[in-house]
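Accompanying notes for the structure given below.
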Amino acid sequence: MLILLQKCEYPPHHTSPIIPTVARRPLLQEKTMKEVAIIGAGIGGLTAAHALLKAGINVRVFERAPQLRALGAGITMQANAMEALASLGLAERVHDKGHTIDRAQITTWKGSPLQSLDFGSLGQKIAWPGVAIHRRALIHALAEGLQDVLVFNASATHIEQRDDAVHITFEDGTQTSFTALIGCDGLHSVVRRSLLGDEPLRYDGYTSWRGVATMPSKGLATTEMWGAGKRFGLVPIATDKVYWFAVAEAPQNSPAKDPALEHLLAMFEGWAAPVEELLHATSPADIIATDCLDRPPIPTWGRGRVTLLGDAAHPMMFNFGQGGCQAVESAVVLGRALQTTPNIEQALRLYERQRIARANLFVKRSFDTGRIAQWKNPLARGIRNLGMRLIPTALVQRALVEQYGFEAWYQSVST
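Residues 1 to 415 (full-length UniProt numbering) are what the sequence shown spells out, left to right.
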């Protein structure tokens, strides 16, 4: 139940900072066969591009924004994601731009420990340490080397499968064709809608606020504090930057999100340090408020020459900090399936068979853990807290080693 980081999604029209890291190139006009299209240049889409290029597959990444976007504040690439990134030669660049996660803990809102872990104690049981990083820095790192395959201002509106190709129509009327298509276009995926139709999002009753405080991070551990129906977390992402998140029960689309800083200071008054200090060290204009949404797990991600990846396939609540990590894992497995299986449709189905159970497990765990963490009943919270304190450290370590062992898991599903 160790919770490392929040991961929530933006509503479809949220305005966010943009990173001008990759030069814009025109949309392709000609028919491009024997090439795979990726819709969406987020964490999953960029990692998938690297994985496919490593497998010797031509790829084109279409992004609806005019430039790469950095949605959000902080994110963790936990040990399993770092191991997957290492297989693509990307782990060191992410590690160098982030902050190693040495310790993590869950406490009560007063600061009393419920569960803690020193990641150094895992030693060689994990291949890479987890890294906390600003989302902007992560996107920048993943975009390196992809300038020639990125296409911007490319908003896909219609997808049609034929026997020999997938045909994509963009908002400006441009049409092009590819051997296969990977939908990495997030929670509000156009590709998913083309496969599965309109599906309602799931809101479980809590809203989040996020920001990055400018203050020394020395001595701070990755921490999540649990109160009655609300939580507060903090994650050092640099020597002078601390990512924080706050979670509270609220009606969906609650007007209480604005003004955020005053609302948060009142909501978390009296909580253990450094909650108030973090809030005061954050620019009010940079605080992001969003409802936390996911979708129930599904048994099928694709059909024919089209499949889904990341939040388009398995959006999950933030409670395990695994949303972006599972997207990275999926990207690596997709590249391996396409490299080893000549038939494109068979390769996509192999990828889905290998990935669906593991990703869906995290969707379920994240949803269930969020409900437990949000309990308000004093008796239920007391029993929960006692149970957390009684869980042996060795049991937590064993569970995390299993969760973080990407290559060990991959071997178990590929033999």
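Backbone N, C-alpha and C fix where the C-beta goes; we use that ideal spot for every residue, glycine too.
{"Asked": "Is the distance from the Cβ of D204 to the Cβ of M317 below 8 angstroms?", "Found": "yes"}
{"Asked": "If I'm right that A73 touches R210 with Cβ under 8 angstroms, what's the distance once you round it to whole angstroms?", "Found": "5 angstroms"}
{"Asked": "Less than 8 angstroms between the C-beta atoms of T76 and I101, yes or no?", "Found": "yes"}
{"Asked": "Among the candidates K376, G111, G302 and I126, whose CA atom is the shortest distance from the CA of W409?", "Found": "I126"}
{"Asked": "Can you tell me the Cβ-Cβ gap for V149 and V59, rounded? I've got them flagged as a contact below 8 angstroms.", "Found": "6 angstroms"}
{"Asked": "Check whether the Cβ atoms of P284 and P259 lie closer than 8 angstroms to each other.", "Found": "yes"}
{"Asked": "Where in the region 110 to 184 do unbroken runs of the alpha helix (DSSP H), each at least 4 residues long, occur, reported from the N-terminal end onward?", "Found": "135 to 143"}
{"Asked": "Which partner residues of R210 appear in the DSSP bridge assignment?", "Found": "F245 and I288"}
{"Asked": "Look up T32 in the DSSP assignment and say whether it is helix, strand or coil.", "Found": "Below a pLDDT of 50, predicted positions are generally treated as unreliable, and T32, at 33, falls in that range; the measurement from the model is reported next regardless. The answer is coil: DSSP assigns T32 none of H, G, I, E or B."}
{"Asked": "Would you mind sorting S121 into buried or exposed? The rule is 16 or more other CB atoms within 10 Å of its CB.", "Found": "exposed"}
{"Asked": "Mark R69 as exposed unless 16 or more other C-beta atoms lie within 10 angstroms of its C-beta, in which case mark it buried.", "Found": "buried"}
{"Asked": "Where do the ends of the alpha helix (DSSP H) carrying E199 lie?", "Found": "No alpha helix (DSSP H) contains E199, which DSSP labels as neither H nor E."}
{"Asked": "Using 8 angstroms as the Cβ pair cut-off and three pairs as the minimum, do the region 149 to 158 and the region 168 to 183 touch?", "Found": "yes"}
{"Asked": "Got a sec? Which residues, its chain only, sit under 7 angstroms from K54 by beta carbon, not counting five neighbours each side?", "Found": "L88 and G335"}
{"Asked": "Under a three-way DSSP split, which group does W226 fall into?", "Found": "strand"}
{"Asked": "Between D286, G324, S254 and I237, which lies nearest to S217 when the distance is taken from Cα to Cα?", "Found": "I237"}
{"Asked": "Only counting runs of 3 or more residues, tell me where the beta strand (DSSP E) segments fall wholly within the region 84 to 112, in order along the chain.", "Found": "103 to 108"}
{"Asked": "Using a Cβ distance threshold of 8 angstroms, determine whether the region 156 to 165 contacts the region 266 to 277, with at least three qualifying pairs required.", "Found": "no"}
{"Asked": "Can you say whether L379 is buried or exposed, counting buried as having 16 or more other CB atoms within 10 angstroms of its CB?", "Found": "exposed"}
{"Asked": "Does the distance from the C-beta atom of G44 to that of A327 stay below 8 angstroms?", "Found": "yes"}
{"Asked": "Using only alpha-carbon positions, find the residue among E262, V363, A79 and L234 that is nearest to D311.", "Found": "V363"}
{"Asked": "Does DSSP put D204 in a helix, a strand or coil?", "Found": "strand"}
{"Asked": "What do you get for G370, buried or exposed, if any count of 16 or more other CB atoms within 10 angstroms of its CB means buried?", "Found": "buried"}
{"Asked": "Looking at the unbroken alpha helix (DSSP H) that takes in G335, where does it start and where does it end?", "Found": "G323 to T340"}
{"Asked": "DSSP beta-bridge partners for P236?", "Found": "V242"}
{"Asked": "If you measure between the beta carbons of residue 423 and A84, is that distance less than 8 angstroms?", "Found": "Residue 423 lies beyond the residue range present for the chain, which begins at 1 and ends at 415; the question has no answer from this structure."}
{"Asked": "When DSSP labels each residue in this structure, what does L220 get in the three-state scheme?", "Found": "coil"}
{"Asked": "Within 10 angstroms of the Cβ of N253, are there 16 or more other Cβ atoms? Answer buried if so, exposed if not.", "Found": "exposed"}
{"Asked": "How far does the alpha helix (DSSP H) with I383 in it reach, from first residue to last?", "Found": "P378 to L390"}
{"Asked": "Could you check the C-alpha separation between A143 and R93 for me, to the nearest Å?", "Found": "11 angstroms"}
{"Asked": "Keeping to the same chain, check which residues put their C-beta closer than 7 angstroms to that of G229; ignore five residues upstream and five downstream.", "Found": "A248, E249, Q374 and K376"}
{"Asked": "So, helix, strand or coil for A272, using DSSP?", "Found": "coil"}
{"Asked": "Give me the Cα-Cα distance between R349 and W301, rounded to the nearest whole angstrom.", "Found": "9 angstroms"}
{"Asked": "Let's see if you can read the secondary structure: which residues bound the alpha helix (DSSP H) around I372?", "Found": "I344 to A373"}
{"Asked": "Looking at the unbroken beta strand (DSSP E) that takes in L308, where does it start and where does it end?", "Found": "V306 to L308"}
{"Asked": "Which one of E329, A48 and D164 has the shortest CA to CA distance from A79?", "Found": "E329"}
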